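All residue numbers for the sequence shown refer to full-length UniProt numbering, where the first residue is 1 and numbers rise by one. Every residue gets a Cβ at the ideal spot worked out from N, C-alpha and C, and that includes glycine. For clarity, every value in this text was computed on a predicted model and none was experimentally measured.
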Amino acid sequence: MDRMPPRPSTRDQRSSGDSRGGRWSPRLTVFDAMHQLLESRDWSAVTMSDVAKAAGLSRQTLYSTFGNRQGLAQAYALQLSEKFAGEIRDSIIRHPGQIELALSEGINGFLRSSSRDPLIRALVTGDIKPDLLRLITTEAGPLIERATEVLMPALSESWMRIEASQARLAASIIARIGISFISLPPEDPDQLASGLTEVIAPYLQKVVQVDVQQ
């Protein structure tokens, strides 16, 4: 029977802790381990035992937390959707009054971050992986919803101050469009970011509650 791992060091707690107090998070430790494994091998070659060993956890803990290998992949993809949407959120915060710049820079960051992630690279290279493909196509609802939740406050509570229902609509549209490009990364992220900005910015300019730079 697998034994529970020793308590992680203070350094490990800091590097894998959550934002509320630097506490050690088993889920983040697992995601870090999975990320490292995928840097050197294809998803098809990564087992639950590999991830548990790399994370310093028992297989029992891993299965209890994620259910199975597909559950692990979905959980990893959900935190990626948070991370990618965070690129747009942070860009909005950095550029008050500049909708087009905030969108263009944020969408560009989203596209480039997703293309660099090893799970996404595993999805778009090598043999077809139906289990991963479903996560961002027919089963992409949870990813879109999570990204929408990250984006909505940036639209409704930041300098934009967009009304809640309009902010949710805009956040959902941005999330759906962004995630749709994960399975087919653009050759030119700059050009795509610019094009998407031209489509989305006019709507935001109509509903934003402060003066913006045109």
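Item to check | 4 or more residues per run - each alpha helix (DSSP H) lying fully within the stretch 108 to 145 | outcome: Runs found: 118 to 124 and 130 to 135.
Next on the checklist: Count Cβ pairs between the stretch 102 to 115 and the stretch 127 to 136 that sit closer than 8 Å; are there 3 or more?
Outcome noted: Judged by Cβ distances under 8 Å, the stretch 102 to 115 makes no contact with the stretch 127 to 136, as fewer than three pairs qualify.
Item to check | residue 202 burial status per 10 Å Cβ neighbour count (16 or more: buried) | outcome: Exposed, by the Cβ-count rule.
Checklist entry - What is the DSSP secondary structure of residue 26, counted as helix, strand or coil? => result Note: residue 26 maps to helix in three-state DSSP.
Checklist entry - Can you round the beta-carbon distance between residue 50 and residue 37 to whole angstroms, since I take them to be within the 8 Å contact cut? => result At roughly 6 Å, the Cβ-Cβ gap stays under 8 Å, so residue 50 and residue 37 are in contact.
Checklist entry - Which of helix, strand or coil does DSSP assign to residue 70? => result Note: residue 70 maps to helix in three-state DSSP.
Next on the checklist: Tell me which residues share the same chain as residue 82 and place their Cβ nearer than 8 Å to its Cβ, disregarding the 5 neighbours each side in the sequence.
Outcome noted: Excluding residues within five positions, the ones whose Cβ falls inside 8 Å are 146, 147 and 150.
Item to check | C-beta contact flag for residue 154 and residue 92 at 7 Å | outcome: Going by C-beta atoms, residue 154 is nearer than 7 Å to residue 92.
Checklist entry - Do the CB positions of residue 32 and residue 122 come within less than 7 Å of each other? => result Not in contact: residue 32 and residue 122 (Cβ atoms no closer than 7 Å).
Checklist entry - From residue 94 to residue 75, what does the alpha carbon distance come to, in whole angstroms? => result So the alpha carbons of these two residues sit roughly 29 Å apart.
Item to check | alpha helix (DSSP H) segment containing residue 176, residue limits | outcome: Where residue 176 is concerned, the enclosing alpha helix (DSSP H) stretches over 164 to 180.
Checklist entry - DSSP three-state call for residue 43: helix, strand or coil? => result Three-state DSSP puts residue 43 in a helix.
Checklist entry - Skipping 5 residues on each side, what residues in its chain have a beta carbon closer than 8 Å to that of residue 19? => result Confidence at residue 19 is low in this model, with a pLDDT of 40, below 50, so its placement is unreliable and the value that follows should be read with caution. So no residue of the chain qualifies.
Item to check | residue 195, enclosing alpha helix (DSSP H) - first and last residue | outcome: Residue 195: member of the alpha helix (DSSP H) spanning 189 to 207, first to last residue.
Item to check | For residue 163 and residue 206, the rounded distance between their alpha carbons | outcome: C-alpha separation (whole angstroms): 11 Å.
Checklist entry - Secondary structure at residue 58, three-state DSSP: helix, strand or coil? => result If DSSP states are grouped into helix, strand and coil, residue 58 belongs with coil.
Next on the checklist: Taking 7 Å as the limit between beta carbons, can you name the residues of its chain near residue 140, skipping five residues before and five after?
Outcome noted: So the list reads 179, once near-sequence residues are dropped.
Checklist entry - How many Å lie between residue 195 and residue 176 at the Cα? => result Each residue's Cα considered, the two are about 15 Å apart.
Checklist entry - Around the C-beta of residue 199, are 16 or more other C-beta atoms found within 10 angstroms, so that it is buried, or is it exposed? => result Under this definition residue 199 is an exposed residue.
Next on the checklist: Relative to the C-alpha of residue 88, which candidate in 56, 197 and 54 has its C-alpha closest?
Outcome noted: The shortest Cα separation from residue 88 among 56, 197 and 54 belongs to 197.
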